[in-house]
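Q: I have a structure here, written as structure tokens, and I will follow up with some questions on it.
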Amino acid sequence: MSAEMCELNGQPGRVILRLFDWDDASRQAVAQWKYDGVEPKSALGSFEPLADFADRVHWLYYPDVDSSAGLERLTAVRRITFGDELPQPKFDLRQLPALEVVQCEDASGLDKRHLNHPRLRYLDLEGLKVSDLTFLSEAQDLEAMRLRRCVLTGLKGSKALNGLRELRLLGAKKLEDVSEIGQARNLEILEIDEAKKLRDISAVHSLEKLRYLFIEAEQATQTDLAWIANMPLLECAGLWLETRQIDFAILAKSPRLYDILLETHAGFDLPDDAALVPVLQSHGKRVLKVTRFPKALRPSIRIEFSPPCDLADAKPLQAYQTKLLANPNVD
Numbered sequence: 334m335s336a337e338m339c340e341l342n343g344q345p346g347r348v349i350l351r352l353f354d355w356d357d358a359s360r361q362a363v364a365q366w367k368y369d370g371v372e373p374k375s376a377l378g379s380f381e382p383l384a385d386f387a388d389r390v391h392w393l394y395y396p397d398v399d400s401s402a403g404l405e406r407l408t409a410v411r412r413i414t415f416g417d418e419l420p421q422p423k424f425d426l427r428q429l430p431a432l433e434v435v436q437c438e439d440a441s442g443l444d445k446r447h448l449n450h451p452r453l454r455y456l457d458l459e460g461l462k463v464s465d466l467t468f469l470s471e472a473q474d475l476e477a478m479r480l481r482r483c484v485l486t487g488l489k490g491s492k493a494l495n496g497l498r499e500l501r502l503l504g505a506k507k508l509e510d511v512s513e514i515g516q517a518r519n520l521e522i523l524e525i526d527e528a529k530k531l532r533d534i535s536a537v538h539s540l541e542k543l544r545y546l547f548i549e550a551e552q553a554t555q556t557d558l559a560w561i562a563n564m565p566l567l568e569c570a571g572l573w574l575e576t577r578q579i580d581f582a583i584l585a586k587s588p589r590l591y592d593i594l595l596e597t598h599a600g601f602d603l604p605d606d607a608a609l610v611p612v613l614q615s616h617g618k619r620v621l622k623v624t625r626f627p628k629a630l631r632p633s634i635r636i637e638f639s640p641p642c643d644l645a646d647a648k649p650l651q652a653y654q655t656k657l658l659a660n661p662n663v664d
């Protein structure tokens with residue numbers, strides 16, 4: 334058997350055509366079968382066999398070929414999902430005019446210049462070697478980006494990303510400066526994880542369109558939560574950093590906030606329910622649950638309200654962490 338169809342786990346209806354060899358049967362499969370993506374296995378050697386069917390190949394799914402030869406001829410490709418090995422020699426993805434989505438489980442071998450594509454809207458990369466975001470100066474349609482094992486030190490270049498709605502920087506242990514993030518005015522989702530060197534997050538406070546915000550920065554300190562009043566769309570937040578003063582009435586007034594976890598500072602006395610719940614409910618919101626972590630190095634508290642009535646499928650904050658929520662499909 335030189336070709337088979339398989340449905341992706343967790344993605345009902347998404348069908349991949351696997352090509353184990355290149356013969357009359359696999360040619361016929363590429364030409365006639367109905368599929369979303371093509372998975373060329375190592376026996377094909379390169380992308381050249383697919384060139385005669387370039388108009389049918391829209392998604393390259395974990396290509397296992399050694400050579401990148403012929404990839405430039407697949408001009409209808411809109412999505413590429415690489416595994417942990419890349420075809421050689423390095424290929425300039427800007428040669429694919431329709432490309433919108435790039436996913437890669439080990440992007441350490443990618444040339445950042447090859448990602449500066451004007452049609453890109455979705456990037457999900459692990460181990461990409463970049464120090465800031467200036468490599469995306471032409472990617473003004475970019476809507477969602479996740480960088481895992483992130484080695485960014487700063488966010489210079491954010492201003493060019495006017496269309497960016499979702500940004501996740503995971504394992505951002507080298508990140509020191511986020512002062513330019515305030516220029517990405519249309520962000521709705523921001524996650525910064527393991528930012529061990531980050532001390533100042535004040536620029537984040539100007540992002541008025543945020544719905545979900547998660548920041549883990551053990552060296553960072555913020556004075557208070559007054560900035561939440563300027564985020565009327567905020568629904569969930571996790572703030573693993575020091576907050577010096579907490580006015581719980583600010584949370585009560587936040588119109589859509591329904592789940593927040595925040596750290597305080599050493600010695601902070603977490604109020605009991607008798608004192609806290611009336612404050613939290615003083616503006617019409619109903620408290621569902623208050624969870625305290627008094628023995629943590631920095632005493633922490635999680636407050637869950639009834640979600641806004643127009644959120645039919647509201648989930649706890651952890652459901653919105655780590656994974657990109659944007660849709661990578663290229664229907």
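All letters in the sequence shown, in the order written, are residues 334 to 664 by this note's numbering.
A virtual CB, placed ideally from N, CA and C, is assigned to each residue, including glycine.
Would you say residue 413 and residue 390 are within 8 Å of each other, going by their C-beta atoms?
A: Contact: no.
Q: Return yes when the Cβ of residue 419 is within less than 8 Å of the Cβ of residue 403, no when it is not.
A: Not a contact, by the Cβ cut-off of 8 Å.
Q: In angstroms, rounded to a whole number, what distance separates the CA positions of residue 620 and residue 573?
A: Cα to Cα, the separation comes out at about 22 Å.
Q: Cutting at 6 Å between CB atoms, please list the residues of its own chain near residue 507, excluding the five before and the five after it.
A: Same-chain partners within the cutoff: 484 and 486.
Q: Rounded to the nearest angstrom, how far is the Cβ of residue 580 from that of residue 558, given a contact under 8 Å?
A: Contact holds; Cβ gap of about 6 Å.
Q: Please look up how many angstroms separate the CB atoms of residue 575 and residue 598, rounded, as I've assumed it's under 8 Å.
A: About 5 Å; that satisfies the 8 Å criterion.
Q: Determine the contact status of residue 348 and residue 338, defining contact as a CB-CB distance below 8 Å.
A: Yes; because the gap between Cβ atoms is below 8 Å, this pair is in contact.
Q: Nearest CA to the CA of residue 381: which residue from 367, 355, 368 and 369?
A: Among 367, 355, 368 and 369, the Cα nearest to that of residue 381 is on 355.
Q: Report the start-end ranges of each beta strand (DSSP E) in the segment 512-568 that is 3 residues or longer and not cut off at the edges.
A: As far as the segment 512-568 is concerned, its whole beta strand (DSSP E) runs of at least 3 residues are 522-525 and 545-555.
Q: So, for residue 512: in the same chain, excluding its five sequence neighbours on each side, which residues have a beta-carbon less than 6 Å away from its beta-carbon?
A: Only 536 meet the Cβ criterion.
Q: Using CA coordinates, which residue listed in 505, 452 and 474 is at the minimum distance from residue 460?
A: Of the listed residues, the one whose Cα sits closest to residue 460 is 505.
Q: Relative to the C-alpha of residue 528, which residue among 502, 657, 494 and 364 is closest?
A: Among 502, 657, 494 and 364, the Cα nearest to that of residue 528 belongs to 502.
Q: Rounded to whole angstroms, what's the CA-CA distance from residue 472 to residue 361? Just pull it up for me.
A: Each residue's Cα considered, the two are about 37 Å apart.
Q: Determine, using beta carbons only, whether residue 633 and residue 585 come nearer to each other than 8 Å.
A: No; because the gap between Cβ atoms is not below 8 Å, this pair is not in contact.
Q: Quick one: measure Cβ to Cβ for residue 543 and residue 524, integer angstroms, because I've assumed they're closer than 8 Å.
A: Not confirmed; about 11 Å, so no contact.
Q: If you compare alpha carbons, which of 640, 554 and 469 is closest to residue 568?
A: Answer by Cα proximity: 640.
Q: Using 8 Å for Cβ pairs, my map puts residue 531 next to residue 497. What's the rounded Cβ distance?
A: The Cβ separation is near 19 Å, so there is no contact.
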